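Inspection log for the structure reproduced underneath, given as structure tokens.
Residue numbers (our numbering): 1 to 989.
Take a look at the structure:
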């Protein structure tokens, strides 16, 4: 068993069979029934299906069903007519009635000779032959089958052939014995009728009433070859053992073109066939299995097909002209694969290159393997890096390099040409290196998880970092010298002017995980990603990046185009190739994808291929004529966008909007190609459709006027009547209001009298306010008196003293007191405007600093009285109230405490509650009397200050009371046992 397995590995040859993808429609997913009689494509691009009792129109996404015709017989058959003339007919079995398909819509007609399906004449029954397929039966009661071509008609009857010329109407009997059984191998190309004679191995050729024999490929006369011919489409197919060939007649010769191999075609083709040359699709209609659409692909997926091994592909090297080679020794062609040398399955498929001698260089764990070309790659050397991990291998600009991880550090090793045992240079990088590009003779671009590092070989250091924190996956230089960067989850960037410019994303942002970019001969960029292969026009892309004008179009290819898996691979080096024969190769999760970019088509609809002519309102389908009119009371409407497009609808970015104003949003149209209208106000609108019609981003617009009828109460006349009624009611209200105001006039006069009294009272209050301002100035003068008087006394004592030490002491006290007094006078102007200032301040400040300012002012005065002032306020307690108001309050209270305290102490503390900041000033002086405490406590309970008695106990505390009330705060007065006073200032937060 082992030798057999080894031989299978050594000589495995994989025959590629996935040259098309299949869509299968049955009653389970879109068809009303599974029986299809015939298929044709009209001049507008729509595909029509003939069925039992109905006709279907297919546009690439949806089926539109037409039925309920006024027929007695609903069994439709083959299509007749002329596609170019927009005249396609299909008869029912009785051939008395027919449908004429014209302008994309079927209508009932009566069989009146426009199309001649057959009939009875001269006691003979005639039947027109318009299609030949595998299951056709030639019934015995039909006396004559005939074929009409532009030059005349051929009648096959009585084992012979009769020709009737179209112009002269002359009848010519062809001298040729022709049994009816040979009709099964009949087909027509234009005016030329052919019959493949399997018995005699020749082709009978009929043209203008003459016959001859011509040579043709043996497949025509092979008895196992099945013939399919349809006259309206002019298509002829030869089917042999599941292989489908297209037949053509050119320059007097019959030629065959291979389309595909579909092994089940003998089972499925019991109804009809149609090949769409534009979209490269083969439609097969079955009488029991519905519709199968085979999309022929110019993409090829090559697999190795080795048992118990996956098909995941990463790095490879171009091998000769038309293949790639992996480190496992598998050579992949576009349709096959072959093992070149025996090697175990590698779990490290991401890095490989070929040195200048043609040897294969790849990594395996922490070793570099070099397979010798001269030995047929059977022998190899290993270079092991002990204690280090090889993260990647690179070859760029003649340099051989390896990214190496040692612990948490990352390095790039530059080898001495192809001597991997000798390191020429080691470059240290703080981020993992995932891509390397030699930009010039001196500069290396290092793509890392932290951006692009620019390393100078001459300076032996990193000279620049570009695109910080952008994880680089690949760096690709195109033919124009531009450098494109793919990233991990961050999209594509263009590296230009030493800056990374973000490339516009695709519609679904699949290119956020783009892998690699190849440029074809037409300047198209092919981009592999985690979700499909993309194609975009480089010129349009660069123009948009430079000007921010235009549209960037991305055309996405998926499994529907021939891949086995939408996920491509790119975290490898190299991960895409352009072979010498022009093929592009991209690795995917299931094999290598080969294709010639010149052969891959992009499909875009033409400007005139969009039709807005159907709408459904209240469940009823309507045919539109250049406009949609919706009656009042409609709830919703569906407008169908008829667009024959047989590729991925997302690639044309089909959108629509109902234009109400400049800001009307575009809505993406889904595969049902339906635009929904609901709850739209009456009026005239414009439904606008747009889509891409070219690879360069050209947009096409289509418009449909939409008018929504209004109810009577929504009309302009009704609105004018309503406005007039409102004006009349408004006049009546004014009149009633005027009368009411007259009655209220007397009441207002009385009110004026009361208001006059109130104004007089307000005037009195203003006078009191002016008096208060005067008293405030007097209070400020009073506050200055204490330090000035203290300075005066010290000056007197200084003049009387002869002791230098005492004099120095007095000088110091005078200096400190005068300095604090000077600071105090600087703010006198602000003190005069305290009552006008705002309560709050933008600046936040500490209560401790305010208290400390006043403590320093009175410190020397207190010292002379053998009194000490202590500031124990919290340094971290801050507030945003008016600073000058609080300074004035603290000044007056500390001044009173100093005046009334000798041989004692004054302690100032602070604490914070949920609603207040409490500042407590405690002295051991003479203290306040009970009468004074009661008086000042009552001042906070009065609602105004008109009854303040400034003469009772001094002006200072009265002013403090007013300022505290201004900032919505209060003060509490208590006796301090055994002597002194405690004043608590409660500042509301």
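All C-beta atoms, glycine included, are put in the ideal place defined by N, C-alpha and C. In this text, all values refer to a predicted model and were calculated from it rather than measured experimentally.
Assumed close pair residue i, residue j - CB separation to whole angstroms, cut-off 8 Å
{"i": "residue 333", "j": "residue 322", "result": "6 Å"}
{"i": "residue 705", "j": "residue 627", "result": "5 Å"}
{"i": "residue 560", "j": "residue 587", "result": "Not confirmed; about 20 Å, so no contact."}
{"i": "residue 211", "j": "residue 176", "result": "6 Å"}
{"i": "residue 915", "j": "residue 989", "result": "6 Å"}
{"i": "residue 351", "j": "residue 362", "result": "6 Å"}
{"i": "residue 447", "j": "residue 393", "result": "With 8 Å as the limit, residue 447 and residue 393 do not qualify as a contact, their Cβ atoms being about 14 Å apart."}
{"i": "residue 276", "j": "residue 41", "result": "6 Å"}
{"i": "residue 847", "j": "residue 877", "result": "5 Å"}
Nearest residue (CA-CA) to residue i, options the options
{"i": "residue 540", "options": "530, 531, 553 and 528", "result": "553"}
{"i": "residue 852", "options": "901, 921 and 798", "result": "921"}
{"i": "residue 691", "options": "680, 722, 618 and 673", "result": "673"}
{"i": "residue 977", "options": "927, 186 and 495", "result": "927"}
{"i": "residue 156", "options": "195, 150, 437 and 166", "result": "195"}
{"i": "residue 123", "options": "129, 138, 142 and 137", "result": "142"}
{"i": "residue 635", "options": "846, 619 and 702", "result": "619"}
{"i": "residue 862", "options": "906, 329 and 880", "result": "906"}
{"i": "residue 306", "options": "964, 747, 667 and 331", "result": "331"}
{"i": "residue 138", "options": "185, 849 and 411", "result": "185"}
{"i": "residue 657", "options": "64, 669, 650 and 67", "result": "669"}
{"i": "residue 84", "options": "499, 43, 153 and 686", "result": "43"}
{"i": "residue 439", "options": "738, 649, 389 and 495", "result": "495"}
{"i": "residue 69", "options": "803, 55 and 517", "result": "55"}
{"i": "residue 51", "options": "45, 59 and 26", "result": "26"}
Contact set for residue i: own chain, Cβ-Cβ below 7 Å, skip 5 residues either direction
{"i": "residue 488", "result": "471 and 473"}
{"i": "residue 462", "result": "453, 454 and 455"}
{"i": "residue 372", "result": "359, 379 and 380"}
{"i": "residue 240", "result": "219, 222, 224 and 225"}
{"i": "residue 231", "result": "130, 131 and 188"}
{"i": "residue 279", "result": "603, 646 and 647"}
{"i": "residue 944", "result": "The pLDDT assigned to residue 944 is 46, lower than 50, so where the model puts this residue is not dependable, and the model offers no usable value."}
8 Å Cβ shell around residue i - same chain, five flanking residues per side excluded
{"i": "residue 732", "result": "none"}
{"i": "residue 811", "result": "798"}
{"i": "residue 960", "result": "888, 889, 892, 893 and 971"}
{"i": "residue 21", "result": "294, 295, 297, 559, 560, 561 and 562"}
{"i": "residue 952", "result": "For residue 952, the pLDDT reaches just 48, beneath the cut-off of 50, and the residue's location in the model is therefore unreliable, although a value from the coordinates is still provided. Closer than 8 Å at the Cβ level, and outside the excluded window around residue 952, lie 935."}
{"i": "residue 205", "result": "192, 193, 194, 211, 212, 213 and 214"}
{"i": "residue 203", "result": "194, 195, 196, 197, 213, 214, 215, 216, 220, 221 and 254"}
{"i": "residue 12", "result": "In this predicted model, residue 12 has a pLDDT of only 31, less than 50, meaning its place in the structure is not dependable enough to derive any value."}
Own chain partners of residue i with C-beta closer than 6 Å, once the 5 adjacent residues on each side are dropped
{"i": "residue 458", "result": "442"}
{"i": "residue 948", "result": "Low confidence applies here, because residue 948 scores a pLDDT of 45, under 50, leaving its location unreliable; read the following figure in that light. Counting only Cβ-Cβ distances below 6 Å, and skipping sequence neighbours, we find 958."}
{"i": "residue 535", "result": "524, 526 and 555"}
{"i": "residue 245", "result": "238, 256 and 258"}
{"i": "residue 687", "result": "658, 704 and 706"}
Residue-chain proximity (residue i, chain B), Cβ-Cβ < 9 Å
{"i": "residue 344", "result": "Although the question refers to chain B, the structure presented lacks it and comprises just one protein chain."}
I'd like to know if the region 570 to 586 and the region 626 to 639 are in contact, where contact means that at least 3 CB-CB pairs between them fall below 8 Å. No, the region 570 to 586 is not in contact with the region 626 to 639.
To test your reading of the DSSP string, which unbroken alpha helix (DSSP H) runs of 4 or more residues are found completely within the region 126 to 155? none
Is it true that the region 96 to 106 meets the region 121 to 133, where meeting means three or more beta-carbon pairs spaced less than 8 Å apart? Two segments are said to touch when three or more pairs of C-beta atoms, one from each, lie closer than 8 Å; by this definition the region 96 to 106 does not touch the region 121 to 133.
Beta strand (DSSP E) runs contained entirely in the region 311 to 372, provided each spans 3 or more residues: Unbroken beta strand (DSSP E) runs of no fewer than 3 residues, entirely contained in the region 311 to 372, are found at 317 to 319, 323 to 325, 330 to 332, 337 to 339, 352 to 354, 360 to 364 and 367 to 371, following chain order.
Can you find at least 3 beta carbon pairs, one from the region 854 to 869 and one from the region 894 to 910, that sit closer than 8 Å? yes
Does the count of Cβ pairs from the region 25 to 44 and the region 282 to 290 closer than 8 Å reach three? yes
In chain order, which continuous runs of the beta strand (DSSP E) of length 3 or greater are located wholly inside the region 464 to 490? 472 to 477 and 483 to 487
Sufficient close CB pairs (3 or more, under 8 Å) joining the region 325 to 343 to the region 383 to 397: no
Inter-stretch contact at 8 Å, needing at least 3 Cβ pairs: the region 551 to 565 / the region 584 to 604: The region 551 to 565 is in contact with the region 584 to 604.
Contact between the region 656 to 664 and the region 72 to 86 is defined here as three or more beta-carbon pairs at a separation below 8 Å; is this criterion met? no
Quick check on the DSSP output: what are the complete beta strand (DSSP E) runs of length 3 or more inside the region 613 to 692, in order along the chain? 620 to 623, 628 to 630, 636 to 642, 655 to 659, 674 to 678 and 683 to 692
Within the region 159 to 233, ranges of the alpha helix (DSSP H) (whole runs, at least 4 residues): As summarised for the region 159 to 233, the continuous alpha helix (DSSP H) elements at least 4 residues long and confined to that stretch are 218 to 221, given in chain order.
Are the region 351 to 367 and the region 605 to 619 touching, with three or more C-beta to C-beta distances below 8 Å? no
List, from N- to C-terminal side, the alpha helix (DSSP H) runs of 4 residues or more that fit wholly inside the region 528 to 604. 538 to 547
Cβ contact check for the region 426 to 446 and the region 397 to 404: 3 or more pairs under 8 Å: yes
Hey, which unbroken runs of the alpha helix (DSSP H) at 4 residues or more fall wholly within the region 915 to 947? 930 to 939
Whether or not the region 245 to 254 and the region 187 to 194 are in contact is what I'm after, with contact meaning three or more pairs of Cβ atoms, one per stretch, closer than 8 Å; do they touch? Output reads yes: the region 245 to 254 touches the region 187 to 194.
Enumerated in chain order, which unbroken segments of the alpha helix (DSSP H) with a length of 4 residues or greater are wholly contained in the region 250 to 282? Those alpha helix (DSSP H) runs which fall completely within the region 250 to 282 and span 4+ residues are 265 to 268.
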